[in-house]
Amino acid sequence: MAVFVENRSLVIPGDLIAEGNFKASDGTFQEQDRIYASVLGLVDVGPNKTIRVIPFAGKYMPKINDVVIGKVVDLRFITWIIDINAPYLADLHANEVLDRKVDLTEIDLLRFYDVGDLLISKVIDIDEEKNIRLTTKAPGLGKLHGGRLVKISPVKVPRIIGRSGSMIKLIKDETKCEILASSNGRVWIKGKDSNLENLAIQAILKIEQEAHTTGLTDRIKEMLQKERGEKIG
Amino acid sequence: MAKVGAPEKLITKDGLRLDGRRLDEPRPVKLEVGILKRADGSAYIEQGRNKILAAVYGPRELHPRHLQKPDTALVRCRYNMSPFSVPERRRPGPDRRTIEISKVAREAFEQAIFAEHYPRAGIDIFIEVLEADAGTRCAGITAASLALADAGIPMKDLVSAIAVGKIDGQVVLDLTGIEDNYGQTDMPVAMMPRRNEITLLQMDGHFTSEEFEQALELAIKGCKILYEKQREALKTKYGGP
Chain A
20 MAVFVENRSL VIPGDLIAEG NFKASDGTFQ EQDRIYASVL GLVDVGPNKT
70 IRVIPFAGKY MPKINDVVIG KVVDLRFITW IIDINAPYLA DLHANEVLDR
120 KVDLTEIDLL RFYDVGDLLI SKVIDIDEEK NIRLTTKAPG LGKLHGGRLV
170 KISPVKVPRI IGRSGSMIKL IKDETKCEIL ASSNGRVWIK GKDSNLENLA
220 IQAILKIEQE AHTTGLTDRI KEMLQKERGE KIG
Chain E
52 MAKVGAPEKL ITKDGLRLDG RRLDEPRPVK LEVGILKRAD GSAYIEQGRN
102 KILAAVYGPR ELHPRHLQKP DTALVRCRYN MSPFSVPERR RPGPDRRTIE
152 ISKVAREAFE QAIFAEHYPR AGIDIFIEVL EADAGTRCAG ITAASLALAD
202 AGIPMKDLVS AIAVGKIDGQ VVLDLTGIED NYGQTDMPVA MMPRRNEITL
252 LQMDGHFTSE EFEQALELAI KGCKILYEKQ REALKTKYGG P
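In order, the protein sequence lines correspond to chains A and E.
Start counting the first sequence at 20; every next residue gets the next number (our numbering).
Start counting the second sequence at 52; every next residue gets the next number (our numbering).
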């Protein structure tokens, strides 16, 4: 039983990572008892001998219970079609939106969610054909009003959030903005004025750019405080 | 470049080729990863006088929808030569040759990509030849494999490719345009170097079975040289060791 690469070292697809009694997780594949990298990224040997590769790039793949920011693209009878920045469109059935019966002859469902609206929703089911079902029937879910949307690479979202939310809290505190970072690579920002919003966006894009470097939290803090001093005085 | 007549000899008396290479020496290669901003993954290769861009998009929604496969992603590949890539202007658009290359290049990657992770989706690979001097399908595959890795698409291994051939009765690695035109045989080979699995093998010309064995061995050696360059290019982009 052996691990052939150092923790946090860079691997490319096909590299042998470990042999023996390990659990192959995201970004790896297993042949007999050997574990290989399947994507380009950094090796992470976690607790309980779980081996995964933290990817440098890649599309968002939805998982059950993910909270995602979606955009309404269509309404088909009683199902909204939502773009969640994945390789698949997601379905939001009226049952997962309304908590009472509505008479469709009287009420147009576009009244609730119109095409182009931004929604914060949760993934409740994915089948083997990757048909995705969403809900907005829980506290904190529903339509997003106003604000601005920043698109980043989905693999960089954990860095925006930081360890137990430290990075996003820092940005929120420094810019007094409401910020929602969802796992599909969309970040929604709403602030008191556009200068503060711009500053938050600037910080988020900087984190995305420098995601693989260390000591980033300190640099972001420094940048935010300096910029804020100049703009607001 | 003006058309030159057939050279008297492709291998000189001291055992070197017209461009000064040894028989088992590949052309100088330059690889760069992640050069197109709007593609999900991209790479550029210069191999001798070949200049080729590769771009990858996806996994993404596949259109037209009747092509969607319920259990796996569809890998599509387009190999294209620019009109200005060869000495005599080439008529733009696909022809018999480029359609065939697109197909065999796609099949070279289908072995490597974990397409079953993305049912119903599509993965699109584009190989654009900007300047051609023999061995473009191989160089294109080498570059596209880096573009796939850059896009974060899960694969069993990288794919490396190189051509071998016969000139003046001798088996040589990585033919140039002149060697291809006036030589006897051209055999492009693509493989997954870590796994020692061949994913593409074509042959134009004749080899005896001994020559074939020798040529295949040489191609495998060449692919492994390219594989090291591919590794280096990926590591350079992310500043790793």
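Ideal placement from N, C-alpha and C gives every residue a C-beta, glycine not left out.
Strictly below 8 angstroms CB to CB, what residues from chain A border residue i?
| i | result |
| --- | --- |
| Met206 (chain E) | Pro32, Gly33, Ser57, Val58 |
| Ala106 (chain E) | Within chain A, no residue comes near Ala106 (chain E); the closest Cβ sits about 13 angstroms away, beyond 8 angstroms. |
Output needed for residue i: all residues of its chain with C-beta closer than 6 angstroms, excluding positions within five of it in sequence on either side, in chain order.
| i | result |
| --- | --- |
| Asp45 (chain A) | Arg71 |
| Lys207 (chain E) | Ala163 |
| Ile218 (chain E) | Leu61, Glu230, Gly234 |
Is there a Cβ of chain E sitting closer than 9 angstroms to that of residue i, yes or no?
| i | result |
| --- | --- |
| Lys78 (chain A) | yes |
| Leu29 (chain A) | yes |
| Val86 (chain A) | no |
| Gly39 (chain A) | no |
| Val176 (chain A) | no |
Out of curiosity, what's the CA-to-CA distance linking residue i and residue j?
| i | j | result |
| --- | --- | --- |
| Ala295 (chain E) | Gln119 (chain E) | Residue 295 (chain E) cannot be examined here, being either before or after the span of chain E that is shown, 52 to 292. |
| Gln281 (chain E) | Thr193 (chain E) | 8 angstroms |
| Val121 (chain A) | Trp99 (chain A) | 16 angstroms |
| Glu95 (chain E) | Ile86 (chain E) | Residue 95 (chain E) is actually Tyr in this sequence, not Glu. Rounded to whole angstroms, Tyr95 (chain E) to Ile86 (chain E) spans 7 angstroms at the Cα level. |
| Ala159 (chain E) | Glu264 (chain E) | 21 angstroms |
| Val169 (chain A) | Asp192 (chain A) | 19 angstroms |
| Val215 (chain E) | Ala190 (chain E) | 13 angstroms |
| Val210 (chain E) | Glu148 (chain A) | 28 angstroms |
| Arg188 (chain E) | Leu277 (chain E) | 14 angstroms |
| Leu251 (chain E) | Val86 (chain A) | 43 angstroms |
| Ser153 (chain E) | Pro138 (chain E) | 22 angstroms |
| Arg157 (chain E) | Glu248 (chain E) | 16 angstroms |
| Ile143 (chain A) | Leu153 (chain A) | 5 angstroms |
| Phe135 (chain E) | Ala124 (chain E) | 34 angstroms |
| Gly248 (chain A) | Glu97 (chain E) | 48 angstroms |
| Arg148 (chain E) | Met238 (chain E) | 15 angstroms |
| Leu108 (chain A) | Asp91 (chain E) | 19 angstroms |
| Pro74 (chain A) | Gly33 (chain A) | 14 angstroms |
| Ser133 (chain E) | Arg141 (chain E) | 7 angstroms |
| Val107 (chain E) | Leu61 (chain E) | 37 angstroms |
| Ala105 (chain E) | Asn40 (chain A) | 39 angstroms |
| Arg74 (chain E) | Glu262 (chain E) | According to the sequence displayed, residue 74 (chain E) carries Leu and not Arg. In a straight line, the C-alpha of Leu74 (chain E) is about 14 angstroms away from that of Glu262 (chain E). |
| Gly66 (chain E) | Lys275 (chain E) | 23 angstroms |
| Asn131 (chain E) | Phe177 (chain E) | 8 angstroms |
| Asp93 (chain A) | Gly234 (chain E) | 60 angstroms |
| Ala53 (chain E) | Val80 (chain E) | Residue confidence is low: Ala53 (chain E) scores 48 on pLDDT, short of 50, so the model does not pin down where it sits. No coordinate-derived value is stated. |
Note down, in chain order, every chain E residue with its Cβ under 9 angstroms from the Cβ of residue i.
| i | result |
| --- | --- |
| Lys149 (chain A) | Tyr169, Pro170, Arg171, Ala172 |
Please work out which residues of its chain come closer than 8 angstroms, Cβ to Cβ, to residue i, disregarding the five sequence neighbours upstream and downstream, and give them in chain order.
| i | result |
| --- | --- |
| Thr47 (chain A) | Ile36, Ile54, Tyr55, Ala56, Ser57, Ile70, Arg71, Val72 |
| Pro173 (chain A) | Gly77, Lys78, Tyr79, Asn104, Ser202, Asn203, Gly204 |
| Gly203 (chain E) | Asp91, Gly92 |
| Val30 (chain A) | Val24, Ile36, Ala56, Leu59, Gly60, Leu61, Val62, Val72 |
Whose Cβ in chain A lies nearer than 9 angstroms to the Cβ of residue i?
| i | result |
| --- | --- |
| Lys286 (chain E) | Leu29, Ile31 |
| Phe165 (chain E) | Phe48, Ser57 |
| Leu209 (chain E) | Ile31, Pro32, Gly33 |
| Gly109 (chain E) | Lys78, Pro106 |
Show which residues of chain E have a CB atom less than 7 angstroms away from the CB atom of residue i.
| i | result |
| --- | --- |
| His231 (chain A) | Tyr289 |
| Phe75 (chain A) | Gly203, Tyr289 |
Any beta carbon from chain A within less than 9 angstroms of residue i's own beta carbon?
| i | result |
| --- | --- |
| Phe135 (chain E) | no |
| Met243 (chain E) | yes |
| Gln281 (chain E) | yes |
| Arg246 (chain E) | yes |
| Ala266 (chain E) | no |
| Asp65 (chain E) | no |
| Pro121 (chain E) | yes |
| Gly92 (chain E) | yes |
| Ala200 (chain E) | yes |
In its own chain, which residues sit with a C-beta less than 7 angstroms from the C-beta of residue i, not counting the 5 before and 5 after it?
| i | result |
| --- | --- |
| Val64 (chain A) | Val22, Asn26, Ile70 |
| Lys240 (chain A) | Leu189 |
| Lys284 (chain E) | Contrary to the premise, residue 284 (chain E) reads as Ala rather than Lys in this sequence. Counting only Cβ-Cβ distances below 7 angstroms, and skipping sequence neighbours, we find Leu82, Glu83, Val84, Leu197. |
| Asp225 (chain E) | Pro77, Arg78, Gly186, Ile213, Ala214, Gly273 |
Name the chain E residues whose beta carbon is nearer than 8 angstroms to that of residue i?
| i | result |
| --- | --- |
| Tyr107 (chain A) | Glu112, Arg171, Ala172 |
Looking at the ligand ADP, does it come within less than 8 angstroms of residue i, judged from the CB to the closest heavy atom?
| i | result |
| --- | --- |
| Gly234 (chain E) | Absence of the ligand ADP from the depicted structure is noted, as is the absence of any ligand whatsoever, leaving it without description. |
Does any residue of chain C bring its CB to less than 9 angstroms from the CB of residue i?
| i | result |
| --- | --- |
| Arg116 (chain E) | Judged by its chain identifiers, the structure shown contains no chain C, and its protein chains are A and E. |
Determine, using beta-carbon pairs with one atom in the region 219-235 of chain A and one in the region 178-192 of chain E, whether at least three such pairs fall under 8 angstroms. no
Does the region 167-179 of chain E come close enough to the region 110-117 of chain E to have 3 or more Cβ pairs within less than 8 angstroms? yes
Does the pairing of the region 181-195 of chain A with the region 155-168 of chain A give three or more beta-carbon distances under 8 angstroms? no
Should the region 76-89 of chain A be called in touch with the region 195-205 of chain A, which here means at least 3 C-beta pairs below 8 angstroms? yes
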